[in-house]
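Residue numbers (the numbering used here), protein chains in the order written: chain A, 1 to 486; chain B, 1001 to 1509. One structure below.
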Amino acid sequence: MPANFMPSADDLLRFSPELILTIAGTLLMVLDPFFGKRAPRLFGHISILAFLAGILGALGAQSGTGFSFSNLLIVDGYATFFRILVLSIGILAVLLSYKYLDRELAETGEYHALLLFCVAGQCLMVASNDLIMIFIGLEISSIATYILAGYLRNDKRNNESALKYFLLGSFATAFLLYGIAVIYGVTGSTKLDEIRTALSQPGFSMAAVVIAAALMIVGLGFKVSGAPFQMWAPDVYQGAPAPVSVFMATGPKAAAFAVFLRIFMTSFQQISSDWEPLIWISALLSMTIGNFAALTQNNLKRLMAYSAIAHAGYILVAFAAKSDGGAAAVMFYLAAYALMNIGAFAVIIHICGKGEKNLRMEDLAGLGRTQPFTAALLTVFLLSLIGVPLTGGFFGKFYIFRAALQSNLVWLTVLGLLNSAVAAYYYLRFMVVMYMHEPGEVANTLEPLSLGLRAALVLPAIGTFFLGILPGAVLNFARASAVFTR
Amino acid sequence: MNLLDIVIAIPAIGFILALLIPRAQEQAVRMFTLVCSLAAFVLSLGLAIGYQTGQTGQQFVTNVVWIANPEIHYHVGVDGISLWLIILSTLLTPIAILLSWRSIHQQSKEFFALLLLLEFGLVGVFAAWDLFLFYVFWEIVLVPMYLLIGIWGHDRRIYAAVKFFIFTFAGSVLMLAAIIYLYNLAGTFDYALILDQIRSGHITLSHTQETFLFLAFFIAFAIKVPLFPLHTWLPDAHVEAPTAGSVMLASVMLKMGTYGLLRFCVPMFPGAARENAPWIVILAIIGIIYGALVAMVQPNMKKLVAYSSVSHLGFVVLGIFSFTQLGLDGAVYQMLNHGISTGALFLLVGFMYDRRHSLAISDYGGVATVAPWLSTVFLITTLASIGLPTLNNFIGEFLVLQGAAQANFTWSVFAALGVIFSACYMLWLYQRVFYGETSEEVRHHMPDLNVRDWCCIVPLIALMVWMGMYPNTFLLSVTATDATVLEQSNMTTPLRGAVSLPGGGTHAR
């Protein structure tokens, strides 16, 4: 076949979200010197437009699904679902950041450019059919997040967070890379479907494959903050700027879960009985460590970090079901979790004040009386995090545990559900403080919700109710797309 | 869209609209929620009128698909048991709103709106015929009650509210696991279809499977009932809740547990229910006696009534697990009776608290001389509660004891002790509060019942007499449905001599 270096129109369409985000990110960096001081909000507006264009691009790509760039990329329903999810998370992250960056007098151009690059990396990850592409996407996303975590460079906690995340993150990525190298050595390919084909033939070293899978579990387990690789998460989430913390807990995590699932459900599906126990243990550990550690936290960001670990545990339960239904449950849950987590963080960003000085649980005291609307929406998100019916979080849990029971994971289900009863306790503390305590100084002197934060509260609330009352549409799409190319 | 759908929809729509009323319009919120709840009540009476007593099975059925995959239906209907429990819920809600009219000062909009949300959940629980829908309503009930206790309760309200939530939630997640497990076996959440499949042998449950499924449902319901030793949340919740919360909790919410036992546990898992009946009955009897004894020594009126609930609910569980027609009839009747008479007791204690601002029995005395009407009404309620013939509780307790005696005579002997004890603690309470020396505080702070108080209490007193004098209004439809439950549980013959109580030996009749 003669070498053809010009990508075809199909290739470009299937690659369009990444192209749009990269161009927009570069544009922001060019514009930054000119408008950085005069119109700090402009960059946010442009990013939102770019994300919206990216969503259109992803939808356009979905109209012609298939492989692209010599099978390096694959656009299928699964990729489109996650692309739209991470792009939407990008929009909400921008909405969360307007007020925050204002308050901290931070420069906005680089921040938004980094956000765009980060999401571009995630879009690439979820649409990769090749371990090297996955690695490149993961690095694009991770490096941008390392910088974002330390974005307020004069803040000590930001620096600590970024450094920790960077050191541990690179260490974990090395494991992933090592795993890729081993599997390439065994099968002679880095393409997911070819690895699968190679593994279905006899004559390869089983031990090497299992080692490769285990190494990848270490690397990706770190990225999704699944126990026992969760140690970094509380420190990093607590130290990073609040909008970045919630972004890290939703966007990169969703993308990492997407590739985690794709690799293991495509390439390593035949040896699923070997990796299932590892995921099983990781799920149980994550849920238990996350929930029990969260019980005693008083710093809101740290508490939400432990809650993020626990939720990663629930998702790993569906992963352990190793079925298409389980994959659909993972997709649904990640969407529901992104909405409720971002909504809850919008309130935290609202109350934290300059320099994030109001982050104690008591700082929410009396919010129900001074700002009933904000408190009511936070209540919705908390109920969703607990898993009370008519919210997205409930259906998410329902689908997860249903998939787990279908795969006969009875004990994991029972332990997971009991875990969610433990979790109810610390989410209820928010409500106790908001509604049942006298308004404190923070609640009394709070300014009204800014427009961006209001949008970042109302949109996820609508989404949470939509997923909780009419989950059918999203779930059907997830089920239809959770069939991996094999 | 039939009458039942409207009764379910009114509180939900009312809740949303009430939240939209501006905060300053307190009177408008109160009036609006009262009108909504009265409308729901009047329409629910239409259910009773339109109900065909002779027929078994559900009536006023609506069955439409809510979520396509997995197939979850909005499937509601009423039968002879749920009919009266729905009416109980719709009756108590306007009363709860009315009695809170002046006693709730802060955030009154949320308070009255949450009462409507509570009503929505309660009516839904009793109407649902789809297991998933049932679970949804079951959890919805939790949230407003948690907030009612936690925001408007007394000093230890936060502890009580959180304890209430965690206890109930922990139980119900197990039930969720069991519901999903059943779905994976049966391919449907529809209760009637699952029941058919189990009864026709289409699904065969192994002994272990049946026992675990039974226990998952049973624990969720037993916490709600509450059955000894899972009752510890109840005294806290009752004492700390505002009066309206206590009334709704005692009158209607506890019935969710016993209703669940009767509706789901027994028919779906008859084998496990039969096998486990002996120890469940023993727990029920312990609850009857223990609740009564603890009630006797309480210095706090609300706590006394709360522990009497533990005792009364023990009768209901005893009736259900006697597996006799009389026992089941008595159990259902006793659910309604307890709703009326204990609801009235909490209401009256609430009246007294509003006046004297104390729940301690020692702060009262000689109330009869300053508030004769209050005393009279309290006396009637007391007599009803201890099971005086011609008042409602007598019928229910009698039926339960008779049913239990058919199953095992020893059971009824021990359970009857509870009836005697209840006379002790209630009459002693009455004596200490209403007779004796009238203190200065009582003399100055105990005005007699006002018009609004009368509006709250009269319907309940009237029902106590009606249900005591002419039980057939209610019992005919209950009996027909109970017969179906009994037949579904394959338990047409009573359990004989299956248990020997300590010291009592085995007494098969």
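Heads up, the beta-carbon is just placed ideally off N, CA and C, and yes, glycines get one too.
{"Query": "Please decide whether Arg38 (chain A) counts as near chain B, where near means a Cβ-Cβ distance under 7 angstroms.", "Result": "no"}
{"Query": "Which residue marks the beginning of the alpha helix (DSSP H) containing Phe1029 (chain B), and which one marks its end?", "Result": "Residue identity differs from the one stated: residue 1029 (chain B) is Val in this sequence, not Phe. Note, Val1029 (chain B): alpha helix (DSSP H), 1026-1050."}
{"Query": "Tell me the rounded alpha-carbon separation between Ser205 (chain A) and Ala1216 (chain B).", "Result": "45 angstroms"}
{"Query": "Give the straight-line distance between the Cα atoms of Val1442 (chain B) and Gly1257 (chain B), rounded to the nearest whole angstrom.", "Result": "39 angstroms"}
{"Query": "Between Val1061 (chain B) and the rest of its own chain, which residues show a CB-CB distance below 6 angstroms, the 5 nearest in sequence each way excluded?", "Result": "Gly1077"}
{"Query": "Tell me where the beta strand (DSSP E) around Leu1359 (chain B) begins and ends.", "Result": "Segment: none, Leu1359 (chain B) is in no beta strand (DSSP E) and carries neither H nor E."}
{"Query": "If the cut-off is 7 angstroms on Cβ atoms, which residues from the region 201-220 of chain A count as contacting chain E, listed in chain order?", "Result": "Reference to chain E is not applicable here, since the protein chains of this structure are A and B."}
{"Query": "Determine which residues of the region 1244-1276 of chain B have a Cβ less than 7 angstroms from any Cβ of chain A, and write them out in chain order.", "Result": "none"}
{"Query": "Do you know offhand how far Pro1519 (chain B)'s Cα is from Met1301 (chain B)'s?", "Result": "What the structure shows of chain B is the stretch from 1001 to 1509, and residue 1519 (chain B) is not part of that stretch, so it cannot be assessed."}
{"Query": "Compare the C-beta of Gly343 (chain A) against all C-beta atoms of chain B and say whether one is closer than 7 angstroms.", "Result": "no"}
{"Query": "May I have the straight-line CA-CA distance separating Tyr144 (chain A) from Tyr111 (chain A), to the nearest angstrom?", "Result": "The sequence as given places Ala at residue 144 (chain A); Tyr does not occur at that position. Approximately 9 angstroms between the Cα atoms of the pair."}
{"Query": "Which residue from B:Ala1018, B:Pro1389, B:Ile1158, B:Val1370 puts its Cα closest to that of Gly1436 (chain B)?", "Result": "B:Val1370"}
{"Query": "Run through the DSSP bridge pairs and tell me what His1073 (chain B) is partnered with.", "Result": "B:Val1065"}
{"Query": "Please classify Pro448 (chain A) as buried or exposed, where buried requires at least 16 other C-beta atoms within 10 Å of its C-beta.", "Result": "exposed"}
{"Query": "Between Gly1057 (chain B) and Ala1480 (chain B), what straight-line distance do the alpha-carbon atoms span, to the nearest angstrom?", "Result": "9 angstroms"}
{"Query": "Return the residue from the list B:Pro1235, B:Val1281, B:Ser1341 that minimises the CA-CA distance to Ile1149 (chain B).", "Result": "B:Pro1235"}
{"Query": "Sort A:Leu105, A:Ser273, A:Thr65 by Cα distance to Leu152 (chain A) and report the nearest one.", "Result": "A:Leu105"}
{"Query": "Determine whether the Cβ of Val313 (chain A) lies closer than 7 angstroms to any Cβ atom of chain B.", "Result": "One point to set straight first is that residue 313 (chain A) is Gly, not Val, in the sequence displayed. With 7 angstroms as the cut-off, Gly313 (chain A) does not count as an interface residue toward chain B."}
{"Query": "If I'm right that Gly1327 (chain B) touches Ala1404 (chain B) with Cβ under 8 angstroms, what's the distance once you round it to whole angstroms?", "Result": "6 angstroms"}
{"Query": "Mapping DSSP to helix, strand and coil, what is Ala1128 (chain B)?", "Result": "strand"}
{"Query": "Indicate the three-state DSSP secondary structure (helix, strand or coil) for Gln1325 (chain B) in the structure shown.", "Result": "helix"}
{"Query": "Of all the CB atoms in chain B, is at least one closer than 7 angstroms to the CB of Ser481 (chain A)?", "Result": "no"}
{"Query": "Decide yes or no for the touch test of the region 1450-1462 of chain B against the region 1078-1098 of chain B: beta carbon pairs closer than 8 angstroms, at least 3 of them.", "Result": "yes"}
{"Query": "Residues of the region 1129-1160 of chain B with a CB closer than 9 angstroms to any CB of chain A: list them in chain order, please.", "Result": "Phe1132, Tyr1135, Val1136, Phe1137, Trp1138, Glu1139, Ile1140, Leu1142, Val1143, Tyr1146, Leu1147, Gly1150, Ile1151, Gly1153, Arg1157, Ile1158"}
{"Query": "Using only the alpha-carbon positions, how far apart do Leu1391 (chain B) and Ala1113 (chain B) sit?", "Result": "34 angstroms"}
{"Query": "7 angstroms is my cut-off, CB to CB: does Gln406 (chain A) come that close to chain B?", "Result": "yes"}
{"Query": "Taking Cβ-Cβ distances shorter than 8 angstroms, what residues in chain B pair up with Val414 (chain A)?", "Result": "Leu1174, Ala1177"}
{"Query": "What first and last residue would you give for the alpha helix (DSSP H) that runs through Ile74 (chain A)?", "Result": "No alpha helix (DSSP H) holds Ile74 (chain A); the beta strand (DSSP E) holding it covers 73-75."}
{"Query": "Decide if Phe82 (chain A) is buried, meaning its Cβ has at least 16 other Cβ atoms within 10 Å, or exposed.", "Result": "buried"}
{"Query": "Using a threshold of 7 angstroms, state whether the C-beta atoms of Leu1417 (chain B) and Ile1289 (chain B) are closer than that.", "Result": "yes"}
{"Query": "For His1238 (chain B), count neighbouring C-beta atoms within 10 Å of its own C-beta (all shown protein chains included) and say buried if the count is 16 or more, exposed if not.", "Result": "buried"}
{"Query": "Quick one: grab the DSSP three-state call for Gly121 (chain A).", "Result": "helix"}
{"Query": "For Tyr488 (chain A), I'd like the list of residues in its chain whose CB is within less than 6 angstroms of its CB, leaving aside the five on either flank, ordered along the chain.", "Result": "Nothing can be reported for residue 488 (chain A): it is not among the residues displayed for chain A, which extend from 1 to 486."}
{"Query": "Cβ atoms of Asp130 (chain A) and Leu72 (chain A): under 7 angstroms apart, would you say?", "Result": "yes"}
{"Query": "Looking at chain A, is there any beta carbon in it that lies within less than 7 angstroms of the beta carbon of Tyr1181 (chain B)?", "Result": "yes"}
{"Query": "Considering only C-alpha positions, which residue in the set B:Trp1101, B:Ala1407, B:Ala1186, B:Leu1388 is nearest to Met1467 (chain B)?", "Result": "B:Leu1388"}
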